[in-house]
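Protein chains: 2
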Amino acid sequence: MDADVIVVGGGVIGTAIAWRAARSGRNVILADPDSSDEPRTSDRASLVAAGLLGPVSESVFGEHDLLTLNLHAIERFPSFNAELERETGRSTGLRTEGTLAVAYDSGDLAALDRLTDFRHSIGLQAERLDARECRRREPFLAPSTRGGVFAAGDLSVDNRRYLAALRAAAAGAGVKTIEEKVTAATGAGVRTETGTMTARQVVVAAGHATRFVDGLPCEVRSAIRPVKGQILRLRHPGRMPHILNHAVRAIVQGHDLYLVPRTDGELVVGATQEERDDRDVTAGAVHDLLRDATTAVPAVSELVFAEASAGLRPGTSDNGPIVGSVGDGAGGGLVIAAGHYRNGILLSAATADAVTALLHGTDPHPAWRPFTPGRFRKATP
Amino acid sequence: MDADVIVVGGGVIGTAIAWRAARSGRNVILADPDSSDEPRTSDRASLVAAGLLGPVSESVFGEHDLLTLNLHAIERFPSFNAELERETGRSTGLRTEGTLAVAYDSGDLAALDRLTDFRHSIGLQAERLDARECRRREPFLAPSTRGGVFAAGDLSVDNRRYLAALRAAAAGAGVKTIEEKVTAATGAGVRTETGTMTARQVVVAAGHATRFVDGLPCEVRSAIRPVKGQILRLRHPGRMPHILNHAVRAIVQGHDLYLVPRTDGELVVGATQEERDDRDVTAGAVHDLLRDATTAVPAVSELVFAEASAGLRPGTSDNGPIVGSVGDGAGGGLVIAAGHYRNGILLSAATADAVTALLHGTDPHPAWRPFTPGRFRKATP
Numbered sequence: 006m007d008a009d010v011i012v013v014g015g016g017v018i019g020t021a022i023a024w025r026a027a028r029s030g031r032n033v034i035l036a037d038p039d040s041s042d043e044p045r046t047s048d049r050a051s052l053v054a055a056g057l058l059g060p061v062s063e064s065v066f067g068e069h070d071l072l073t074l075n076l077h078a079i080e081r082f083p084s085f086n087a088e089l090e091r092e093t094g095r096s097t098g099l100r101t102e103g104t105l106a107v108a109y110d111s112g113d114l115a116a117l118d119r120l121t122d123f124r125h126s127i128g129l130q131a132e133r134l135d136a137r138e139c140r141r142r143e144p145f146l147a148p149s150t151r152g153g154v155f156a157a158g159d160l161s162v163d164n165r166r167y168l169a170a171l172r173a174a175a176a177g178a179g180v181k182t183i184e185e186k187v188t189a190a191t192g193a194g195v196r197t198e199t200g201t202m203t204a205r206q207v208v209v210a211a212g213h214a215t216r217f218v219d220g221l222p223c224e225v226r227s228a229i230r231p232v233k234g235q236i237l238r239l240r241h242p243g244r245m246p247h248i249l250n251h252a253v254r255a256i257v258q259g260h261d262l263y264l265v266p267r268t269d270g271e272l273v274v275g276a277t278q279e280e281r282d283d284r285d286v287t288a289g290a291v292h293d294l295l296r297d298a299t300t301a302v303p304a305v306s307e308l309v310f311a312e313a314s315a316g317l318r319p320g321t322s323d324n325g326p327i328v329g330s331v332g333d334g335a336g337g338g339l340v341i342a343a344g345h346y347r348n349g350i351l352l353s354a355a356t357a358d359a360v361t362a363l364l365h366g367t368d369p370h371p372a373w374r375p376f377t378p379g380r381f382r383k384a385t386p
Numbered sequence: 006m007d008a009d010v011i012v013v014g015g016g017v018i019g020t021a022i023a024w025r026a027a028r029s030g031r032n033v034i035l036a037d038p039d040s041s042d043e044p045r046t047s048d049r050a051s052l053v054a055a056g057l058l059g060p061v062s063e064s065v066f067g068e069h070d071l072l073t074l075n076l077h078a079i080e081r082f083p084s085f086n087a088e089l090e091r092e093t094g095r096s097t098g099l100r101t102e103g104t105l106a107v108a109y110d111s112g113d114l115a116a117l118d119r120l121t122d123f124r125h126s127i128g129l130q131a132e133r134l135d136a137r138e139c140r141r142r143e144p145f146l147a148p149s150t151r152g153g154v155f156a157a158g159d160l161s162v163d164n165r166r167y168l169a170a171l172r173a174a175a176a177g178a179g180v181k182t183i184e185e186k187v188t189a190a191t192g193a194g195v196r197t198e199t200g201t202m203t204a205r206q207v208v209v210a211a212g213h214a215t216r217f218v219d220g221l222p223c224e225v226r227s228a229i230r231p232v233k234g235q236i237l238r239l240r241h242p243g244r245m246p247h248i249l250n251h252a253v254r255a256i257v258q259g260h261d262l263y264l265v266p267r268t269d270g271e272l273v274v275g276a277t278q279e280e281r282d283d284r285d286v287t288a289g290a291v292h293d294l295l296r297d298a299t300t301a302v303p304a305v306s307e308l309v310f311a312e313a314s315a316g317l318r319p320g321t322s323d324n325g326p327i328v329g330s331v332g333d334g335a336g337g338g339l340v341i342a343a344g345h346y347r348n349g350i351l352l353s354a355a356t357a358d359a360v361t362a363l364l365h366g367t368d369p370h371p372a373w374r375p376f377t378p379g380r381f382r383k384a385t386p
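Here the protein sequences line up with chains A and B, keeping their order. Just add 5 to the spot in the first sequence (first one is 1) and you have the numbering used here. Just add 5 to the spot in the second sequence (first one is 1) and you have the numbering used here.
As structure tokens, then:
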């Protein structure tokens, strides 16, 4: 037996799970082929993300279960993050100013109003602001900004610092990371490109690449698809004051984008959503993101263009994550924790809790019930 | 005596001079503080350039002497380049398809027509093409392209391969390169940050940084100023056919830009002209270049965004280069070869010839006469 638990995948989900499993006394191996943290070469969506944790500002029509889960996740996040920071002595750059959603023209305002009505109808807090109040809170917004909505509960975190802290925590808790690509998994171990490893329990948290792992149920693998996202990292030049105080979501002539400021002067602008599985940064995406960002906040033009990168989100056929046991035994020998789509960082803490529960044979929080792998199993005809 | 000749500056001008001086039998030291070829960190305009050699498509009203010099330079370039390629066994990516200048809207066409009338009036060849003929030659031009002008004589070269070949040639001819920043120069040697070196003759070819070299005449130093240029490098993804056959200059709603294709699938898009001396790549410049490039050639959107970089051109107060002897002796102990502004690569071969002549005490080609350092000397009041 090589370990109690083998975790497949070293993004925020897999690393959070490995850390918590090790903290609960298990002997854990984390397997990931990709040791690089260079976003241009690494196939790791966690590195490309913006780190906006916005259950309210992300909520859309028809995804009530997902909203419930996201609200559970954001409630859990701060204490998890605090423990992570305490245990590692690192900062993850958590910000708590909330999200200001703004509308650029009257069509955009109509769209934002419809979303706000919906959010109010399901009991969410979202404060309508007129144009003047939007610009009072964010003076660099375009003069033409028509209005906005403030979501006080949204958080943001520096996704790269967060992943680095999770890694440090996992290593500190005794997780052994090996640079291996897992090609197949069962409840008793994994096959890698170079050999096999055995364990009492196996967790597959390989993001969009979960679909390539043999041994997982067909219907689960085929429910996962890559959704390409391209994102920019801008930086304030030396003497320039920071142009945004909150995370800003903008609807600009029908296009959605977000601008997430960091305390260190970075401003993350994202993101495209493309049904593609390459990670090329394209001229068209960089152009469109800059066009929309400079339209919403003209001073963005003055920022330094630091990086453009692309990642593959693990999308699913119903936009919800897939967390639960699969395979023969009820004991939870083989667990999937994948398909977190746009909410990987937000859901990471709650996912680690849920998987820890599964590994101990107990039930995860009820908010997870709609998101088992079993939901993709077709009724036998 | 440390060398016969010390050349200050390792861009295309300095390196071409060093190579030719060494080939003429001199013992040459080339001093440059910057050994890196990483365009994000190196202060070397040669690395950022597009390599478009366009005396006709660059010619503008009121710069007749510069045009004459550029025409002399482009006549010289191919044989110089051929010798360089032969001697090093490297390709510089020279392309000879000519430049197609296109106008996007009717205002752009009026501007292009005025330039073409001027070029014809001074005897230059420039063939007017209607919209249909432009698109026949470049099918990916925007459907709205109003018309264009073809300059058959323009060349382009891959500036990075060209500099690398010059370096190899210089090294092969015995030039000794030292990583030192020169702070002062005379006709008998240089002072560096760490010591001094002596030589029979000194050539300062330090681009915009020539203005920082003590010992050069004040009026020459103050005639040189940095003109920031930002430029993009795009790349065709795997299976995509190359979208341009010629270098294309476009006037797009009043903005000038160029798109220079390479045989290896790179497409260089440039360039801003900014009166600034930082080398930050800005969100605004990247946006504007992509906006104009995708407007002129919509398929640019599909290209991979490979690099954005910024460099400082050595501009001068009359836009002409500064090549000639300065200081006391007529023997040419101290020579300046700087201020090449937008035409460094085009002028590199002819500049190497001119400086070689000066070092041998003979006269450069007459086209250089208007470009001596002495022209900035004010008549004594």
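For every residue, glycine included, the Cβ atom is placed at its ideal position computed from N, Cα and C.
- Measuring C-alpha to C-alpha distances from B:Pro369 to each of B:Ile34, B:Gly153, B:Ala359 and B:Gly192 identifies B:Ala359 as the nearest.
- The DSSP-derived three-state label of A:Tyr263 is strand.
- Excluding sequence positions up to five before and after A:Gly349, its CB lies within less than 8 angstroms of the CB of Gly16, Val17, Ile18, Ala50, Ser51, Ala54, Gly212, Arg318 and Pro319, all in the same chain and listed in chain order.
- Of the residues assessed, B:Ala27 falls on the buried side of the cut-off, its CB having 16 or more other CB atoms within 10 angstroms.
- In the DSSP annotation of this structure, the continuous segment of the alpha helix (DSSP H) that includes B:Thr299 starts and ends at Ala288 to Ala301.
- One alpha carbon belongs to A:Ala313, the other to B:Leu308, and they sit about 14 angstroms apart.
- Sequence-ordered contacts of the stretch 288-308 of chain A with chain B read Ala288, Gly289, Val291, His292, Leu295, Arg296, Thr299, Val305, Ser306, Glu307 and Leu308 [C-beta pairs closer than 7 angstroms].
- In terms of beta-carbon proximity, A:Ala313 lines the interface with chain B, with at least one pair separated by less than 8 angstroms.
- With a threshold of 16 other beta carbon atoms within 10 Å, B:Arg238 meets it and is buried.
- Using a Cβ-Cβ cut-off of 7 angstroms, A:Phe310 is close to Val286, Thr287, Ala288, Val291 and Ala313 of chain B, given in chain order.
- Across the structure, B:Gly270 and B:Arg244 are spaced so that their CA atoms are roughly 11 angstroms apart.
- Using a C-beta cut-off of 8 angstroms, the stretch 100-114 of chain A makes contact with the stretch 157-165 of chain A, since at least three inter-stretch Cβ pairs fall below that distance.
- For B:Asp135, the CB contacts under 8 angstroms within the same chain, skipping 5 residues up- and downstream, are Gly152 in chain order.
- Within the stretch 230-260 of chain A, Leu237, Leu239 and Pro242 place their CB atoms closer than 8 angstroms to a CB of chain B, listed in sequence order.
- In the three-state scheme derived from DSSP, where H, G and I count as helix and E and B as strand, A:Pro231 is classed as strand.
- Bridge pairing for A:Gly316: A:Gly234 [DSSP].
- For the 8 angstroms CB-CB criterion, A:Pro231 and A:Asp282 form a contact.
- The C-beta distance from A:Phe123 to A:Phe85 rounds to 29 angstroms, too long to meet the 8 angstroms contact threshold.
- Under a 10 Å Cβ-count criterion, B:Lys233 is classified as buried, with 16 or more other Cβ atoms of the shown protein chains found around its own Cβ.
- DSSP, reduced to helix, strand and coil, places B:Ala354 within a helical segment of the structure shown.
- For A:Glu132, the secondary structure class from DSSP, reduced to helix, strand or coil, is strand.
- Inter-residue distance for B:Glu63 and B:Asp110 is about 20 angstroms (C-alpha atoms, whole angstroms).
- A distance below 8 angstroms between beta-carbons, with the five flanking residues on each side excluded, links A:Pro148 to the following residues of its chain, in chain order: Arg140.
- For B:Leu272, the uninterrupted beta strand (DSSP E) segment begins and ends at Glu271 to Gly275.
- Ranked by Cα distance from A:Ala311, the options B:Thr287, B:Phe310 and B:Ala304 are led by B:Thr287.
- Contact between the stretch 23-38 of chain B and the stretch 174-181 of chain B is present: 3 or more CB-CB pairs across the two stretches fall below 8 angstroms.
- Spanning the alpha carbons of B:Gly194 and A:Tyr167 requires a straight line of approximately 55 angstroms.
- Looking from the CA of A:Ile256, the closest CA among A:Leu129, A:His125, A:Thr203 and A:Gly112 belongs to A:Gly112.
- In the same chain as B:Arg284, and ignoring 5 residues on each side of it, the C-beta atoms closer than 6 angstroms to its own belong to Ala315, in chain order.
- Between B:Ala372 and B:Leu74, the beta carbon gap of about 5 angstroms places them in contact (Cβ cut-off 8 angstroms).
- Going by DSSP, B:Ile183 is part of the beta strand (DSSP E) stretching over Lys181 to Ile183.
- For B:Val253, the closest alpha carbon among the candidates B:His69, B:Thr46, B:Pro144 and B:Ala214 is that of B:Pro144.
- For the 8 angstroms CB-CB criterion, B:Ala228 and B:Ser322 form a contact.
- According to the DSSP assignment, B:Gly152 belongs to the beta strand (DSSP E) that extends over Gly152 to Ala156.
- The beta carbons of A:Glu224 and A:Lys383 sit closer together than 8 angstroms.
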